[in-house]
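Numbering (my numbering), first residue to last: 9 to 397.
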Amino acid sequence: MWRDFSVSTIAAGFVAVLVGFASSVAIVFQAAAAAGADQAVMASWILALGLGMGLTCIGLSLYFKAPVLTAWSTPGAALLVSSLQGLSLAEAVGVFIFAAALSLVLGLTGWFEKLSNKIPLQIASAMLAGILFNFGLSIFTSLQQDLWLVGLMCVTYLISKQYQPRYAIPLVLLVAVLYASLQGQLSLAQVHFDWPAPVWIWPEWSISALIGVGLPLFIVTLTSQNIPGLAVFKSSGYNLPVSPLINTSAFTTIVLAPLGAFSINLAAITAAICASPEAHADPAKRYSAGVAAGIFYLLTGLAGAAVVALFAAFPTTLVTALAGLALLGTIGTNLALTTQAGPDREAAVITLLVTVSGVSFFGIASAFWGLVAGLLCVLALKLPKKQAA
9 MWRDFSVSTI
19 AAGFVAVLVG
29 FASSVAIVFQ
39 AAAAAGADQA
49 VMASWILALG
59 LGMGLTCIGL
69 SLYFKAPVLT
79 AWSTPGAALL
89 VSSLQGLSLA
99 EAVGVFIFAA
109 ALSLVLGLTG
119 WFEKLSNKIP
129 LQIASAMLAG
139 ILFNFGLSIF
149 TSLQQDLWLV
159 GLMCVTYLIS
169 KQYQPRYAIP
179 LVLLVAVLYA
189 SLQGQLSLAQ
199 VHFDWPAPVW
209 IWPEWSISAL
219 IGVGLPLFIV
229 TLTSQNIPGL
239 AVFKSSGYNL
249 PVSPLINTSA
259 FTTIVLAPLG
269 AFSINLAAIT
279 AAICASPEAH
289 ADPAKRYSAG
299 VAAGIFYLLT
309 GLAGAAVVAL
319 FAAFPTTLVT
329 ALAGLALLGT
339 IGTNLALTTQ
349 AGPDREAAVI
359 TLLVTVSGVS
369 FFGIASAFWG
379 LVAGLLCVLA
389 LKLPKKQAA
């Protein structure tokens, strides 16, 4: 196993964790605060999430020999920010368990696998390309904000792709950190180590909270995390059984929910980083990037606030540009699949456009509506044509 690790797979795992934490950990803290959590409870949330994601990433990646990444639900956290107001922490834990239990039912019954198998690869690729599209654009919006830092990252990327393609992203990260350090853009004053202490909160059950918050959390997690996560596997050539992935992540959430694991589910964006050719040229060895990400997740959970503060010390432009560059290959692959000739091409393009548009109805993100629009188009275009009189 250790022979399958390389600098590029370890770097891919680190970048995945960096992007996952640095891009949305503030939203997780806001969600915890909305339920009345203090600093100790917030540290427990990070501990539970880090342990849950770390163990599932390592276990699933080793078992399936594929870069299986789990993550918290960022859209779910955003939903909780506005929905947990007025609820107690105990009621919030009840909501977490309820939403995860619904996912577990889908996995155990096999309904989720049947549902995912009905989605054409071209439509799934279009949805994933739409989700990742803005990450590609963020390279150039970041370039406008910090010309020299991001410009140097882009130049390093292009040169590395020409001469050392396997190590392009590690070299970009190294150059970016060195430049940011020399320019005084890394603020490490607030970084200090403290062991996090787990805070166990027994769940309480409120019917209104379960329906009003738990059900939307389940739907958001299903549509914005688990389905796109499966699309990553399919587009990367990994044909994995769906139910064990859903069951494992949902069960882990249920077990760790009293410690603050509000949602552990399949990753999409960070999984795309570890499943990309930049992680390793050989798809059979990219599982080591998933294992590396799991180790970094464990360290993050154990280090708690110190690691979170370290990630927060990176300039925002560095993190967003790094994510965009790491995902360029995946974006290109899925755009190619989206636009390839075939009966589903028009439906796939509509899926892409709706997903990129960012439209949201009933609190459900555009990825779901893009998928719905694409599948409706597939059905409509397959209707029997009316014969001319």
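We treat Cβ as the ideally placed atom computed from N, Cα and C, and that holds for glycine.
Annotated as distal: alanine 42 and leucine 87, with beta-carbon spacing of 8 Å or more. Per DSSP, the beta-bridge partners of asparagine 273 are Ala79. About 23 Å separates the beta carbons of isoleucine 235 and valine 23, which is beyond the 8 Å limit, so they are not a contact pair. Around the Cβ of valine 367, a 10 Å sphere holds fewer than 16 other Cβ atoms; the residue is exposed.
By the neighbour-count criterion, in which 16 or more other beta carbons inside 10 Å mark a residue as buried, proline 75 falls on the buried side. Valine 240 sits close to alanine 279, with the two beta carbons spaced by under 8 Å. For tryptophan 210, there is no enclosing alpha helix (DSSP H), as DSSP marks it with neither H nor E. Note that the C-beta distance between serine 81 and asparagine 273 is below 8 Å.
A Cβ-Cβ separation of about 16 Å leaves glycine 302 out of contact with serine 14 under the 8 Å criterion.
Here glycine 332 has Phe143, Gly144, Ser146 and Ile147 as same chain residues with Cβ atoms under 7 Å from its own Cβ, once five neighbours each way along the sequence are excluded. For tyrosine 187, the enclosing alpha helix (DSSP H) starts and ends at 176-190.
Listed in chain order, the non-local C-beta contacts of threonine 78 below 7 Å within the same chain comprise Met61, Thr64, Cys65, Ser257, Ile272, Asn273, Leu274 and Ala275, local neighbours out to five positions each way being set aside. The region 258-271 and the region 100-116 touch, with three or more beta-carbon pairs separated by less than 8 Å. At the C-beta level, alanine 108 and isoleucine 227 stay beyond 8 Å of one another. Contact between the region 244-255 and the region 116-124 is present, with at least three C-beta pairs closer than 8 Å.
Counting every other CB atom within 10 Å of its CB across the protein chains shown gives arginine 294 a total of 16 or more, marking it as buried. Within the region 39-95, the runs of alpha helix (DSSP H) that reach at least 4 residues and sit entirely inside it are, in chain order, 47-72 and 82-91. Three or more Cβ pairs closer than 8 Å define a contact, and the region 356-365 falls short of that threshold against the region 158-176. Distance check between aspartate 202 and each of Ala375, Ala48 and Lys126 places Ala48 closest, using alpha-carbon atoms only. A contact is defined here as three or more CB-CB pairs under 8 Å, and the region 126-141 fails this definition with respect to the region 154-163. Within the same chain, and ignoring the five residues on either side of alanine 132 in sequence, the residues whose Cβ sits closer than 6 Å to its Cβ are Ala239 and Lys242.
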